[in-house]
Amino acid sequence: MKIAHFFLPLIATLVTPTAAFWRGFNVKSNTADGTTCKTKSDWREVFQAIQTFPNGINAARLFYSHKCNSLANAVPEAIATGTHILVGIDDSDSDFEAEKGALLDAINQYGFDWMVGISIGSESLYRGNIGPNSLTNKINDVRAMVENINGYDSNKKFVEIGHVDTTNAWFDEANTDVIRACDFIGVDVYPYFQAEDNNHIDNAHVLFDDAITQAKSTVTKALEGSSSGRMPSVWVTETGWPVNGNANGDAVPSVSNAASYFQQVACPSFGKMNTFWFTYQDWFAMPSFAVVNADGQEYFSQKCNSNKRFVQF
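Heads up: the sequence shown runs through residues -20 to -1, 1 to 293, numbered per mature numbering (1 follows the signal peptide of the UniProt record, and there is no 0).
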């Protein structure tokens, strides 16, 4: 991933309107081998595991709704374990309707209370898989579907709908209408991939802070002249540090560096904004950003130090 190299003035800071934040992990619909779809028991095992972690983990981010029967299998297990789900919907033309249908089925069966929110697409602007107009239409399409479901009451449960992408995509003014259509924008930040910057582990938190500050400034700028009435908040939807793999610039993958990045970034972010760490388990990947190994054991302690870093974003 590449990170844009310009800085926008911080006009205002946008935060979620509640004092409590969602703290969770990205969880893929496949098991750690990368191919086998998770069963209901697999989902329950994951949800039970992340709730044993420190820091009051209360949520998981899913990438799909229909693929691998993700919501059909995950939602009942999430409810049973008290886990909330940031729903992912594939925004590709080939899968969008099926993904919407799976979400509709889940809401009709289980209501709204299990949801953190809904993300329409993941890094699809950055990858060039969709244009801003099409994505904006799909965001509004899902919002209309949700708001017209029997029993929806925004005063009781306001379902936030947004999109997840890299800072490159969010900083591109061509995507302003996407920001205006969102209730939240999910930002993916990986200093490890910023080889053109000083991405040594000791400076990684600086790159992270800069990305979040710029993202909030970008949202503020995008809202100038907007009549949508929306005030999108900025969420951290992916960030992490690899435990293995090759060095990239000054960034060196290792368990100790992953632990350091967690202390420098996750610990302060958990108390500042909705944050989803990447990732629970992907030990088949190289580099791997997993926090647990193939046996389900934690690579490093996630207990935050008492002297955690102060952040201003």
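Beta carbons: idealized from backbone N, C-alpha and C, even for Gly.
Select from the options the residue whose C-alpha is nearest the C-alpha of residue i.
i, options, result
"tryptophan 94", "Asp13, Ile59 and Val169", "Ile59"
"histidine 180", "Gly229, Ser213 and Leu51", "Gly229"
"glutamine 261", "Asn183, Val223, Tyr241 and Asp168", "Val223"
"serine 99", "Asp85, Val139 and Glu127", "Val139"
"residue 324", "Met211, Thr198 and Glu79", "Residue numbering for the chain in the displayed model covers -20 to 293; residue 324 lies beyond these limits and cannot be assessed."
"tyrosine 44", "Ala(-1), Val214, Asp73 and Ser102", "Ser102"
"proline 233", "Cys247, Leu42, Pro212 and Ala270", "Ala270"
"valine 126", "Asn38, Gly91 and Ala78", "Gly91"
"aspartate 70", "His185, Lys18, Asp275 and Leu115", "Leu115"
"tyrosine 172", "Asn226, Gly81, Met211 and Lys47", "Asn226"
"glycine 62", "Gln28, Lys80 and Asp73", "Gln28"
"alanine 238", "Ser207, Lys136, Ser268 and Asn128", "Ser268"
"glycine 14", "Ala274, Phe293 and Lys288", "Ala274"
Using 10 angstroms around the beta-carbon of residue i, count the other beta-carbons present and answer buried if the total reaches 16, otherwise exposed.
i, result
"asparagine 10", "buried"
"proline 34", "exposed"
"glutamine 89", "exposed"
"phenylalanine 290", "exposed"
"arginine 107", "exposed"
"aspartate 182", "exposed"
"glutamate 176", "exposed"
"glycine 209", "exposed"
"aspartate 145", "buried"
With H, G and I counted as helix, E and B as strand and the rest as coil, what does DSSP make of residue i?
i, result
"leucine 203", "coil"
"alanine 39", "strand"
"valine 7", "coil"
"asparagine 113", "helix"
"proline -12", "Note that proline -12 scores a pLDDT of 34, beneath 50, so its modelled location is shaky and nothing firm can be said."
"valine 235", "helix"
"valine 26", "helix"
"tryptophan 257", "strand"
"asparagine 228", "strand"
"methionine 266", "coil"
"threonine 15", "coil"
"serine 286", "coil"
"threonine 63", "coil"
"serine 99", "strand"
Quick test of your reading: residue i and residue j, contact by CB under 8 Å. State the CB separation rounded to the nearest angstrom.
i, j, result
"residue 307", "leucine 66", "Because the chain spans -20 through 293 in this model, residue 307 falls outside it and cannot be assessed."
"threonine 217", "aspartate 168", "6 Å"
"valine 97", "phenylalanine 164", "Note that residue 97 is glycine in the sequence shown, not valine. So it is a contact: roughly 6 Å between Cβ atoms."
"phenylalanine 1", "methionine 253", "6 Å"
"phenylalanine 264", "alanine 12", "6 Å"
"tyrosine 279", "threonine 219", "That belief does not hold up - the Cβ atoms of tyrosine 279 and threonine 219 are roughly 16 Å apart, past 8 Å."
"proline 112", "asparagine 155", "5 Å"
"isoleucine 192", "isoleucine 129", "Actually they do not touch by this definition, with Cβ atoms about 33 Å apart."
"glycine 166", "glycine 142", "6 Å"
"alanine 195", "arginine 160", "So it is not a contact: roughly 15 Å between Cβ atoms."
Contact between the stretch 43 to 57 and the stretch 2 to 16 (3+ Cβ pairs under 8 Å)
yes
Report yes or no: do the stretch 240 to 248 and the stretch 270 to 289 share at least 3 C-beta pairs separated by less than 8 Å?
yes
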